[in-house]
Structures are given as structure tokens and as C-alpha cells.
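A.B. asks:
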Amino acid sequence: MKKLVLLMLAVFLVIPALSNAGSMTSRYDVTFGGYVKYDVGWNSQNNHSDAYIAARKSSSQRAILADEYSNTFQNAGETRFNFLIKGPDLWGAKTSAFIEGDFRGVTTGNQYGGFQLRHAFMKMNWNSAELMMGQNWQQWGMPYYVPAVGITDFSQYLKGIRTPQMAFRYFFTKEFSTMVGITSATEWSDGTRQFNDGYARSNWPGLQGEIAYWTDRCGKIGPHNLKFAIGGYYGRDKEAYVDPLNAANYKDDTINAWVTAFRYSVPIIPEKQGNKAMSLLLNGNFFYGQNVGGNNWLAPGQSFGAYTRPGGDYTAPTVFGLYSGLSWWITDKLQANGMYGYLKYNYSSWARANNRDLGNMAQTYAVNLLWDANQAIRFGLQWMTQFNGYNGVGAGTGTGAGFAERTGSIDTYRLGVWYFF
Numbered sequence: 000m001k002k003l004v005l006l007m008l009a010v011f012l013v014i015p016a017l018s019n020a021g022s023m024t025s026r027y028d029v030t031f032g033g034y035v036k037y038d039v040g041w042n043s044q045n046n047h048s049d050a051y052i053a054a055r056k057s058s059s060q061r062a063i064l065a066d067e068y069s070n071t072f073q074n075a076g077e078t079r080f081n082f083l084i085k086g087p088d089l090w091g092a093k094t095s096a097f098i099e100g101d102f103r104g105v106t107t108g109n110q111y112g113g114f115q116l117r118h119a120f121m122k123m124n125w126n127s128a129e130l131m132m133g134q135n136w137q138q139w140g141m142p143y144y145v146p147a148v149g150i151t152d153f154s155q156y157l158k159g160i161r162t163p164q165m166a167f168r169y170f171f172t173k174e175f176s177t178m179v180g181i182t183s184a185t186e187w188s189d190g191t192r193q194f195n196d197g198y199a200r201s202n203w204p205g206l207q208g209e210i211a212y213w214t215d216r217c218g219k220i221g222p223h224n225l226k227f228a229i230g231g232y233y234g235r236d237k238e239a240y241v242d243p244l245n246a247a248n249y250k251d252d253t254i255n256a257w258v259t260a261f262r263y264s265v266p267i268i269p270e271k272q273g274n275k276a277m278s279l280l281l282n283g284n285f286f287y288g289q290n291v292g293g294n295n296w297l298a299p300g301q302s303f304g305a306y307t308r309p310g311g312d313y314t315a316p317t318v319f320g321l322y323s324g325l326s327w328w329i330t331d332k333l334q335a336n337g338m339y340g341y342l343k344y345n346y347s348s349w350a351r352a353n354n355r356d357l358g359n360m361a362q363t364y365a366v367n368l369l370w371d372a373n374q375a376i377r378f379g380l381q382w383m384t385q386f387n388g389y390n391g392v393g394a395g396t397g398t399g400a401g402f403a404e405r406t407g408s409i410d411t412y413r414l415g416v417w418y419f420f
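Under numbering that gives the first Met the number 0, the first residue of the sequence shown carries the number 0, and numbering increases by one thereafter.
#1: I'd like to know whether the C-beta atoms of residue 28 and residue 383 end up nearer to each other than 8 angstroms.
#2: Relative to the C-alpha of residue 367, which residue among 198, 327, 346 and 390 is closest?
#3: To which residues of the same chain is residue 296 closer than 7 angstroms at the C-beta, ignoring the five residues directly before and after it?
#4: Any chance the region 261–268 sits against the region 213–227, with 3 or more Cβ pairs inside 8 angstroms?
#5: For residue 250, which residues in the same chain have their Cβ closer than 7 angstroms to its Cβ, ignoring the five residues on either side in sequence?
#6: For the candidate residues 139, 381 and 185, whose alpha-carbon lies nearest to that of residue 286?
#7: Counting C-beta neighbours from all protein chains within 10 Å, is the total for residue 277 16 or more, i.e. buried, or is it exposed?
#8: Looking only at its own chain, which residues have a Cβ that is under 7 angstroms from the Cβ of residue 110, when we skip the five neighbours before and after it?
#9: Can you tell me which of the three DSSP states residue 278 falls into?
#10: Quick one: using the 10 Å Cβ neighbour count with 16 as the cut-off for buried, is residue 280 buried or exposed?
#11: Taking only three categories from DSSP, how would you classify residue 413?
#12: Leaving aside the five residues before and after residue 380 along the sequence, list all residues of the same chain whose C-beta is less than 7 angstroms from its C-beta, in chain order.
#13: Examine the Cβ distances between the region 305–313 and the region 43–61 and report whether three or more of them are shorter than 8 angstroms.
#14: Starting from the C-beta of residue 94, find all residues in its chain whose C-beta is less than 6 angstroms away, skip the five residues before and the five after it, and write them out in chain order.
#15: Are the CB atoms of residue 416 and residue 386 within a distance shorter than 8 angstroms?
#16: Among residues of its own chain, excluding the 5 on either side of residue 15, which ones have a beta-carbon nearer than 8 angstroms to its beta-carbon?
#17: Three-state secondary structure (DSSP) at residue 352?
#18: For residue 54 versus residue 393, is the C-beta distance shorter than 8 angstroms?
This is how it looks when you write it as C-alpha cells:
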């Protein structure tokens with residue numbers, strides 16, 4: 000009798016759970032997607048597959064380990080998967096959510112191959128407005144199209160980062176819109192979790208905005224039509240330091256952190272009747288800013304923030320740069336791409352002499368071929384060279400007396416293969 004009672008109780012508990020599960024799957028439309036990615040390549044310096052910056056060249060007095068040896072690499076960590084969820088309407092808006100992760104692991108403190116969050120955001124879409132909340136690509140400044148083979152290629156040139164944010168975009172017409180919002184003012188993905196740097200200490204969220212125009216009147220190439228936008232970011236950085244007159248207390252300096260950027264996309268030769276063969280696209284950005292270290296807007300090793308001056312106060316250099324890409328579709332499935340990036344910091348003479356290991360400028364060139372063999376498989380073959388200049392000669396990671404060279408360069412050859420699903 001007791002066994003029968005327990006069995007009936009279990010059945011009564013399970014039936015509501017099954018009922019709820021059924022109602023969930025019937026009310027929500029969930030789509031699963033992503034790709035498997037394999038990379039193999041060679042660097043002329045002893046670096047890894049995510050080489051953001053070239054090491055100094057060896058000099059006659061000092062040998063730099065990274066410059067003395069090359070490096071081969073293979074990985075599949077760029078593999079990713081995602082979920083797109085479409086749910087019930089709210090306040091007259093279509094609602095949706097998007098979740099995506101990959102296995103690069105580098106923003107979680109895990110080893111390469113560990114799962115990490117890329118995107119996690121929700122949207123509400125009305126006929127003339129959109130509200131987005133969560134972790135997503137920055138909503139301003141980044142180029143519309145960067146057809147690189149490696150995920151981190153050209154990250155130094157405001158290629159775009161993913162930040163926790165909230166953005167509201169209003170469409171005045173089908174071709175003209177404006178966006179305002181807030182975004183994480185501090186780097187959240189390197190283990191600090193937004194609690195111990197000057198950008199979080201300032202009590203200011205990062206502010207973002209953009210005015211954009213796009214149209215199909217001049218034709219298009221796939222999803223790429225004529226687009227222009229100007230936007231930017233503004234935040235505050237409160238740098239704390241020990242009071243030189245009272246070691247038992249702190250002082251602080253507040254420095255502006257800002258970037259403004261113009262981005263564009265121009266289909267010079269549009270596609271014809273849905274066929275991209277012989278079409279030509281020009282796209283890129285220009286940017287200018289200051290104190291960009293908080294969110295690594297220009298990638299690790301390139302996003303420099305404030306530094307101390309002789310009087311003990313803080314200041315930050317201005318920076319300007321650009322990315323430009325030219326894409327030519329030889330056939331509907333085969334495209335050739337040429338890309339260029341430039342970055343320059345305006346350090347003072349004193350700062351260059353006393354911060355010799357900080358990057359002063361960067362240039363990157365790349366050419367590649369991308370071939371869509373079918374709907375699932377893509378091949379990419381790329382050559383890329385990066386040139387970096389530092390504020391002065393320095394020790395670097397090497398051996399010997401004296402200093403290594405002020406500049407360095409690295410060539411990367413890479414084959415990438417994607418399987419989309």
C-alpha cells in the first residue's frame with residue numbers, strides 16, 4: 000500500500016512538470032546555430048595565434064627571444080554555438096534573446112579551450128524603435144565588415160568589442176536612425192569583474208551614442224549596402240594614489256575617457272540580380288580618442304590609459320587611427336580582400352622617455368581569399384604583417400647588455416576552415 004501511494008504521488012508531481020515543459024516549447028521559437036572552426040598557421044615571431052602586437056627586434060647588444068624564433072600553431076577554440084529565442088510580444092514589441100559562446104577561454108581566466116560567453120542580450124523591436132539590453136557588440140564605431148580569417152585580426156583598430164550595455168535606437172525613417180545608451184565603463188572580462196579600477200570607481204557609466212544612415216538606393220552586396228554613421232563613447236576614470244603629503248590617505252585624479260568614430264560602407268560595384276560576381280565593396284572607419292584602456296577598445300597591448308606625470312598627477316595621451324578594407328567578389332562564392340589598419344598615440348617627450356615599453360604606433364596589412372565551397376563549408380587563406388613602434392628602445396624579454404630595437408614586426412600565414420550549422 001505504501002509503495003502504491005508513493006508511486007501515485009510521484010505521478011502527480013511529474014504531470015505538472017511535463018505540462019509546463021510542453022507549454023514552454025510550444026510558446027517559444029528556439030533556433031540553434033554556430034560553426035566548427037579549425038586554424039593552422041605560422042608566425043615569423045615566437046608568438047601565438049592571437050598576436051595583437053609584435054615584439055621588439057633584437058639588436059646587436061640584446062637578443063629578444065620572440066624575435067629570434069618563429070612559431071607554428073593549430074587550434075579549434077574559435078568554434079562557437081548560439082541560441083536565438085523568439086518569445087511573446089510585450090507592449091506592442093516583438094521580443095527576442097540571443098546567447099552565444101566559444102571555446103577561446105581567454106576572457107574567463109580559463110585555459111584556451113575553456114568555454115566563454117560572447118553574447119547574451121535581449122531585444123524589444125517596435126516598428127520604429129529597438130531596445131537592446133545585455134552583452135553585445137559595441138553599437139558605434141566598429142567597421143561594418145572585417146573579412147579576416149582570425150577572430151582577433153585587426154582588433155587594434157576599433158574592430159569592436161562586446162560589452163554589457165543598454166542601447167535604444169530610434170528609426171526616424173527606414174534610412175535614418177539615432178542611438179543612445181550606456182555601456183560598461185570598465186574592462187569586465189579579465190577577472191576584475193568591474194570592482195577595482197578607476198573606470199568603475201568614477202561612479203559614471205559609460206555613455207554611448209550614434210547617428211546613422213543606410214540605404215539600398217545605390218545597390219547592395221549581400222547584406223552590405225551604403226552606410227554612414229558617426230558616434231562615440233564618453234566615460235570618467237578616477238585614478239587613486241597615495242597622498243604624497245599624508246601616507247595614511249588617498250588622493251585621486253579624474254581623467255576623461257572618450258572615443259569618437261566615423262564608419263562607412265560603400266558598394267562601389269553592387270551585385271546584379273542577387274549574384275555577387277565582380278562586385279566591389281569599400282568599408283572602414285576613422286577614430287580619435289583618449290584614455291582607451293578601460294574597455295580595451297583597441298585590443299590588449301594597444302589600449303593605453305592614464306599614466307603619472309612628475310608631479311604625481313595623472314594624464315592620458317590622445318590616439319587616432321583607422322581601418323580600411325576593399326573586398327572584391329571574383330565569383331558569387333569567392334572573394335579577395337585587402338585590409339589596412341593604422342594607430343598612433345600622441346605621447347609627450349617626457350612620457351616617451353619614461354614609458355619606453357608602451358606602444359607608440361601600429362600598422363597592419365593583410366590580404367586573403369575566402370571561398371564558400373557550399374552552404375556549410377568555408378575556406379580562408381591569409382597573409383598578414385604587423386608593425387609596431389614603442390616609445391623608445393627597451394629591454395623586452397631577452398638576454399644581453401644594452402637595449403633591443405624600438406620597433407618590431409611579425410608576419411602571419413593562416414589557413415582557416417569553417418563548418419557552419
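Built from N, CA and C at the ideal position, the CB exists for glycine as well.
C.D. replies: Well, looking at it:
#1: no
#2: 327
#3: 157, 160, 258 and 302
#4: yes
#5: 240 and 242
#6: 139
#7: exposed
#8: 104
#9: coil
#10: buried
#11: strand
#12: 367, 368 and 414
#13: no
#14: 86 and 123
#15: no
#16: The predicted model places residue 15 with a pLDDT of 38, which falls under 50 and marks its position as unreliable, so this point remains unresolved.
#17: helix
#18: no
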